[in-house]
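Student: Residue numbers (our numbering): 858 to 945. Just so you know, even glycine gets a beta-carbon here, dropped at the ideal spot from N, CA and C. Fair warning: this is a prediction, and the values are worked out from it, not measured in the lab.
1. From residue 908 to residue 882, what does the alpha carbon distance come to, in whole angstroms?
2. What residue from 872, 887, 886 has the CA that sits closest to residue 904's CA?
3. Look up residue 924 in the DSSP assignment and say whether it is helix, strand or coil.
4. For the beta strand (DSSP E) containing residue 896, list its first residue and its last residue.
5. Here's a check: name, in chain order, each residue in its chain whose Cβ is nearer than 6 Å to the Cβ of residue 863, leaving out the five neighbours to either side.
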């Protein structure tokens, strides 16, 4: 797996082009967690945290997602490449 460091703007652009299922690393309120994209909007990205997927006994599509701000996203993984946001 390769890691590519990108600006925040480049990362947001790549996320906006994702359809669903790609992994994100998110940091909110000092906590980091991975999640899968449901869909991206102009306001944020609707995701399902990996812990919700792993612990779910529901059918796919029945798991409720949550919306996160683009600013909370640190990494995007697509086809074995991790796009990591350059931190200030």
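Tutor: With the given structure in hand:
1. 13 Å
2. 872
3. strand
4. 888-897
5. 940
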